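A.B. asks: Take a look at the following structure, please.
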């Protein structure tokens, strides 16, 4: 909001540079940003086995350093990030312009926010059937979060809770193709498959 970029809205923020992300490295990579000196120092220790100097260990940490090869690639890609995000925004507009909103629930950004659309996730009451129809037509799609967090085995000790909205979102969401180079014609083809599936 207010022209501020992601990562500048709070005390600390994290970024994923997984290869499929808007700004992707060769492999697993990420960053933590903060303007809080104490948090900065703590995160630097945590990423380096909990040490400041390779000799003493004040925290239980991890080996989570961004290596030079990943950093070099990201540095080369960074100047293109704004254009890539603009391309993704255009792709989202192509879906809306092609009438996708008449067939499915579209993501609705919060007022004042301009998403970069890493994923373009729609809602459809028959999402599984729609995914099958898209797949049969050669259109890639995926339900990324079909098992909600509170239903995961690892969360069982804390999951004695009823979350009907979360369960519904898990059942009805579907990510459509999204790319900075997704053309108006390609978006229209995807929407045509959704329309032809006639799943109401």
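In the numbering used here, the protein residues as written are 5 to 204.
Don't be surprised by glycine CBs; every beta carbon is placed ideally from N, CA and C.
The structure displayed is predicted, hence computed values, not measured ones.
Would you report the Cα separation of residue 160 and residue 175, rounded to the nearest angstrom?
C.D. replies: 20 angstroms
A.B. asks: For residue 28, which residues of its own chain have a beta-carbon under 7 angstroms away from its beta-carbon, when the five flanking residues on both sides are left out?
C.D. replies: 21 and 22
A.B. asks: Going by beta carbon distance, what residues of the same chain come within less than 7 angstroms of residue 185, once the five residues before and after it are set aside?
C.D. replies: 91
A.B. asks: According to DSSP, is residue 128 part of a helix, a strand, or is it coil?
C.D. replies: coil
A.B. asks: Closer than 6 angstroms by C-beta to residue 133: which residues in its own chain qualify, once you throw out the five before and the five after it? Chain order, please.
C.D. replies: 203
A.B. asks: Consult DSSP for residue 94 and reduce its assignment to one of helix, strand or coil.
C.D. replies: Residue 94: helix per DSSP, three-state reduction.
A.B. asks: Where do the N-terminal and C-terminal ends of the alpha helix (DSSP H) with residue 41 fall, by residue?
C.D. replies: 41 to 50
A.B. asks: If we count Cβ pairs, one from each stretch, closer than 8 angstroms, do we get three or more for the segment 37 to 49 versus the segment 6 to 18?
C.D. replies: yes
A.B. asks: Whole alpha helix (DSSP H) runs in the segment 148 to 176 with 4 or more residues, listed along the chain?
C.D. replies: As far as the segment 148 to 176 is concerned, its whole alpha helix (DSSP H) runs of at least 4 residues are 168 to 176.
A.B. asks: On the DSSP bridge assignment, give the partners of residue 55 in chain order.
C.D. replies: 61
A.B. asks: Let me know the secondary structure DSSP gives residue 28 once reduced to three states.
C.D. replies: Residue 28 falls in the coil class under three-state DSSP.
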